[in-house]
Amino acid sequence: MPERNGGPQAAGNGDSSANSNPSIRAPSLAPLTRWPPVGISIHEELPHQDALELIARGAPTHKGRKEAIPHAPDQFYALYATTSGTRSGRADGMTLHDAMAQLMTMRMHGQGYASHPWETLEQPSHCFYFGKRPGTVTLNQWVAMASVIPPKIALRDPGAEPRPVLLGQVFQRLKELQGGLEDDNEPLMYRNLYKRFLRDPDKIFTPHKTLDRQITDLITVLSRNEWFDFTEPKNQVVTRFIFDTAEENHAQYLRFFHQLLLSLELELRIHSGQHGDWAKEKLLHQIPPRIQWNLALARRWRENVRVESYGDTPDQVKLRYKLKKRQVKQLKRFAQIMKWPNLKQTMDYLTHRDELSTLDTISSDAFAFFSGLVLPGPTLTFLMMNTLIDVDPDEATDELALLSHMHPHCGFQYRNSHTYWTASCIVGKVIAPTCGSVAGWVGPGRPTPDLGRSQIARIRTRQAKQRMEREDVESMAERSGPLGPEAESYPVHEYTLPLLDQDSGVVDTIRVEVLNLKPVTPTARDGEAAEKGGPRIFDAVLQFAVDGASWPLRLMYDVSFVTAWPCVEGPHALFYDYAHQLAKVDEILKIRNWGGLYSGHDGAASGSSSARSSPAPELLKAGDEDFDDEKVLVVDAIGVRDNEVLARAWCSHWGLSAIVADVKKTCMACAIREAYAATLTVVILVEDQGSYYIGIDVGTGSARACIIDDSGDIKALAAEEIRLWQPEPGYYEQSTTDIWQRICECVRKIMAESGVAPSQVKGIGFDATCSLAVLDKETGEPVTVTGPDFRNEGEDRNVVLWLDHRPVEETRKINATGHRLLKYVGGKMSIEMEIPKVLWLKNNMPAELFDRCKFYDLTDALTHLATGNETRSFCSTVCKQGYVPVGIDGSVKGWQEDFYQEIGLGDLVKDDFKRMGGVNGTSGKFASAGECVGTLSQKAAAQLGLVEGIAVGSGVIDAYAGWIGTVGAKIDAANGPNVKTDVPANDISQAFTRLAAVAGTSTCHLAMSREAVFVPGVWGPYRDVLVPDFWLAEGGQSATGELLRHMLDIHPAYQETLALAKADGKHIYDYLNERLEQLAAKQGAPAISWLGRHHFLYGDLWGNRSPIADPTMKGTMIGLDSDKSTDNMALWYYATMEFIAMQTRQIVEQMNAAGHEIASIFMSGSQCQNPVLMRLLATTCSMPVVIPEYVHAAVVHGAAMLGAKAASHTRAGAEAESLWAIMDRMSKPGRMVQPGADAGERALLDAKYGVFLDMCRTQQEYRDKVNKAVEGWGKQQ
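Quick note on numbering: full-length UniProt numbering labels position 552 of the sequence shown as 552, and the sequence is numbered without any gaps.
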């Protein structure tokens, strides 16, 4: 406890003139940067009011509170903590909405949620349980853990008795009570209770017609031992008593609803309008706990359930659940936050069961969750997760059936993909900074090799010695006040200003390596967990890499982490007697037994230690000879989240609970004082950047948005379909008005789902298809592109989609020029590019309308709508509009004036190409990917539900966003030849070896180089489009996903096979993959590829984009027979995948022959989920295929990184972060598929590759031969 005994003496402290000065100047209210502040002498003594203003203003003050427990002896009590001194709305706990914990708590009296922790039924109160930081609790929860609660309060022998009833009678009354209690009709109220359900012992002389006597009778009846006791944790999943409606469970079913009815009768009488609020509150506090839990069940029923119909048997009962819709949405949100591995199938099944109105028949836990019949307390945590598991159709979830709130210190691994841990389990508490945390769960965590594919683990820990005593709680305010002990005046020299050393840098040498779980033999103290057949018990060990050394820490003690209360107007000064010592997080491994809890007092005593795989460094002394047991160790864990995980793991290893303080919200002084308030000796300082970035991706059929945090984790994802018009064959149009509306809907959805405050969004990035958008140059309104009269019918159809093929003649005219810029688009300008479309509009629009148009790539149009600025993207203009960066091939303005004049677009040359964005640096501005083009306008912010001023990054074409979201994936250099060893692992030149394959309907291939590499049939090279001064080449396959769909669709066995796949609950591709495996096994084939050895497909059905750039190419097949079976369809399917792999090899070889150095393929898109195709690609191309974590969201994830890049340009005094550095920081580990090692299979694929090349070449030769034969024939017709 701090004492005022003179404190540290300042130099010259003997000058008494300042101490005696009766008029101390008013302290400055500016944030403190030094002590004493300017204008205050170190020798002064502050009067109480001045000290409050200078030292305590905005600093939280903590006070303990002890409450007696009704009906219990004095040795039992409940403890609480309250905090004041901070602004309203700032607290240390998560809101119930953010925590998804609304059903975890119940206020005993009054509407809404509790204002104070002693107002709730459940104790400790779950309304004040979860700390704002993941894996933490509130200060009140830490204090409440020291409460002494009686095990059970015995009830007196009841006098009143219930009448025997039938189920139909019970439900009849339950339905009647849906309209309320007849408390305005005393005779009727009496008859309904005593003639039907209770026996009135005094009905002859003094019948119990008053509310107070009826309440007494109901309490005594419900006190009988025959009823279910809901104070028992094992009984708190109440639906388990009524889920089974079989005849043998009829008696239990009836007893439950009989008890519920009597509880509801009591609940309605207590809350009758005839009672005042004071009387209700007093009565509720005097009711024994067992009866209070009955009332809780009654209230949940009254609020959430309605009786639709009933009879005398359970199967005749039909209920309606008022909360079901909300609960379904909440479960979906929970699954998304947890990144559930089987998310799509699970959500599909959830929707299916919801449509059938059978969600309550899935399981007893699902019944409880969807009905809202959830008692307050920790059961909701397990009800929600068990419901998600039960809804998941994967049979692997059967291994997770024994999760129970009776064993809360647990977690599980699912599908070897992720682990999930309860927030009360020490593993969850420790790893939470790297995961999401909601509804009492922490996840998804990294998988562990020590659990099966899907397995539950219960974690063994010891009880930590740190625990508050009643005296500590009652003296909390005195021991932790901002001013120290109360005095008449407060000497300035007795305070210091604790600040972090800004020059020491941030620790970035710590990484979590692996979570190891070591099975242990259960002992008697493990109780039911040791029962045969139950989940195994493990010791948990977290392995860290610290500055290159491996360091395991066993999570030995079940400690707690407390979120620090935020302060305002900090930093604050600290009274000298709050002893503390600051250490960097990488130094704490040298500190043992801080505070001497387990032996000795030197802070470096022997004791349980961590096994190590590297030598231990010299121990850091915790103090001198007179070491203070109350001294607080302040751990600077600012930096990567692994720093905080290490600090928490160290605390668990040594049995030290800790205060966790975000230095942006709580100053060091306030965190140290809270540690004194909580009698804790460790403070962990972290810095939650609280920065988030939004990515917006506009594809051909939908708009998507995601929000990511500073580590690149996607927090929410949403999609909305966009409209597409096709006025004529080959014509495809869209509307920027419609697209923007869909974008706004997506952004609002992700903001709601993620719970991120709009003020925390720091950057926005856009990508879109390379489509042409047209706006009025004066008004900015959409200009319709729909001919022949180009009237806007209110649909604002001002976008010519990329796949629009109307400008056939215009494209021919452009390519006939042979202009030098064409060599930067693969030698020919594609009809998909935008200049042919502009020329078509020139040739078909009324002249006066065309003169009013300004032209954008769709991505640039979106950044324009977001900011109001005219900045254009190098990615859009260079790749799709014929812009040649200044200095290349003599380019002066970027735009080639002679080219535009020659093709008939001289109109656009006027005013320095103003209608195309101007000339960079003079009449316009152009930017590389993610460079800040401006900030979000007030209008756009209002439409998006964000705040004005957010940085907006220069956009890119959608495939290029796929490159950003793909090629940065982390890989293991030892597993493949795709890493350059002569440069650092995170050097940008590593990207030169990585081909990004963005696969969907078609596949786009992107490769970066330091110098220009010209590849025949490959678009580009393009300079500056993603990273300044670097080049990008773009190849592609016209149809891959579409080709697979088409080849299956035209096979005679398609409908039959589709039906078989649906019957097995599989996607048709998964079904065919299994069929191929079965065929290989049946025929004794060494590999699937052997089955298709005599089947040859050339699949350019939609022409060839790369590497021969021939739009007239068609498909051919060798090996056709009369077989119409599913087995034959499987061979077609395999041959199609083989063609995709062969053509990819052709593109890679062509690019490498020209000067690229591609050694690996980084895939994204739905095709990544096809293991047969991925292995075939790897083996055919003889290089590893890397699949990113966000397979379906790589493109929008890349767009969000553009937002992060834009935000880095707006940080005051900071150099903008490079796009590659952002990709390296935010990209997740990739899964690597290695080429097959079978020499026979390689030889087969090499031979078939030769046939593939022959089929490509001979098709062209055959066409040329025929064309020559018919040359001149029919020309006159």
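The beta carbon of each residue, even a glycine, is placed where N, CA and C say it ideally should be.
Spatially closest choice to residue i from the options, by CA coordinates
| i | options | result |
| --- | --- | --- |
| Pro522 | Arg460, Val838, Ala464 | Arg460 |
| Ser1160 | Lys209, Pro1229, Pro1021, Ala1007 | Ala1007 |
| Gly58 | Thr351, Pro566, Ala368 | Pro566 |
| Val473 | Ala78, Thr313, Ala298 | Ala78 |
| Gly1092 | Leu1244, Phe1014, Met1163 | Leu1244 |
| Asp501 | Asp539, Arg462, Met556, Leu582 | Leu582 |
| His43 | Ser928, Glu1034, Leu402, Glu494 | Glu494 |
| Tyr731 | Arg812, Ala757, Lys837 | Lys837 |
| Ser364 | Val238, Ala969, Ser263 | Val238 |
| Glu488 | Asn815, Gln49, Gly918 | Gln49 |
| Val800 | Ala768, His1192, Leu822, Arg163 | Ala768 |
| Glu53 | Gln1259, Glu569, Leu515, Met468 | Glu569 |
| Arg797 | Val1018, Asp851, Thr736 | Thr736 |
| Asp1264 | Pro1188, Met1174, Met1113, Asp503 | Met1113 |
| Tyr1134 | Met1117, Cys670, Lys325 | Met1117 |
| Ala927 | Leu283, Arg872, Ile950, Ser891 | Arg872 |
| Ala477 | Val427, His62, Lys132, Ile1050 | His62 |
6 Å CB neighbourhood of residue i in its chain, flanking five on each side removed
| i | result |
| --- | --- |
| Ser1208 | Ala1216, Glu1217 |
| Asp547 | Thr509 |
| Pro1171 | none |
| Ala1039 | Ser1002, Trp1102 |
| Ser28 | Bear in mind that a pLDDT of 40 at Ser28, under 50, signals an unreliable position, so the number given afterwards is only what the model happens to contain. The answer, listed in chain order, is Pro37. |
Alpha-carbon to alpha-carbon, residue j and residue i
| i | j | result |
| --- | --- | --- |
| Asp558 | Leu597 | 15 Å |
| Tyr693 | Thr448 | 30 Å |
| Pro977 | Val1185 | Note that Pro977 scores 44 on pLDDT, short of 50, meaning its location in the model is unreliable; the coordinates nonetheless yield the value given after this. Rounded to the nearest angstrom, the two C-alpha atoms are 11 Å apart. |
| Ala545 | Ala637 | 15 Å |
| Leu356 | Gly826 | 55 Å |
| Ala705 | Ala718 | 5 Å |
| Gly179 | Val514 | 58 Å |
| Leu188 | His285 | 29 Å |
| Leu633 | Lys970 | 35 Å |
| Ala605 | Asp577 | With a pLDDT of only 35 at Ala605, under 50, the local geometry of the prediction cannot be trusted, and the value read off the model is given with reservation. So the alpha carbons of these two residues sit roughly 25 Å apart. |
| Asn844 | Val1027 | 38 Å |
Residue i classed as buried or exposed, judged by whether at least 16 other C-beta atoms fall within 10 angstroms
| i | result |
| --- | --- |
| Pro134 | buried |
| Val808 | exposed |
| Ala816 | exposed |
| His1094 | exposed |
| Leu195 | Residue identity differs from the one stated: residue 195 is Lys in this sequence, not Leu. Under this definition Lys195 is an exposed residue. |
| Asp1064 | exposed |
| Lys1124 | exposed |
| Asn1267 | exposed |
| Glu267 | buried |
| Arg467 | exposed |
Beta-carbon proximity list for residue i, same chain, < 7 Å, skipping 5 on both sides
| i | result |
| --- | --- |
| Val1148 | Leu995, Ile1158, Cys1181 |
Cut-off 8 Å between Cβ atoms - residues of its own chain near residue i, not counting five sequence neighbours on either side
| i | result |
| --- | --- |
| Gly1115 | Leu1097, Tyr1098, Gly1099, Asp1100, Leu1101 |
| Leu839 | Pro807, Glu810, Lys813, Ile814, Ile903, Gly904, Leu905 |
| Leu373 | Val238, Thr239, Leu297, Arg300, Trp301, Asn304, Val305, Phe367 |
Residue i CB to nearest heavy atom of the ligand ZN below 8 Å
| i | result |
| --- | --- |
| Ala99 | Among the components modelled here there is no ligand, and therefore nothing to report on the ligand ZN. |
Ranges of the alpha helix (DSSP H) found wholly within the segment 177 to 248, counting only runs of at least 4
186 to 194, 211 to 222
At 3 residues or longer, what runs of the beta strand (DSSP E) sit wholly inside the segment 453 to 514?
Segments of the beta strand (DSSP E) lying fully in the segment 453 to 514: 455 to 459, 489 to 491.
Going along the chain, which unbroken runs of the alpha helix (DSSP H) with 4 or more residues stay wholly within the segment 301 to 344?
324 to 337
Minimum length 3: unbroken beta strand (DSSP E) runs contained in the segment 622 to 691
632 to 636, 658 to 662, 682 to 686
Runs of beta strand (DSSP E) lying entirely within the segment 68 to 127, each at least 3 residues, in chain order:
77 to 84
Contained beta strand (DSSP E) runs [length at least 3] in the segment 529 to 567, N- to C-terminal order:
536 to 546, 549 to 554, 561 to 563
Just to confirm the assignment: which complete beta strand (DSSP E) runs, minimum length 3, are found wholly within the segment 1146 to 1202?
1160 to 1164, 1185 to 1187
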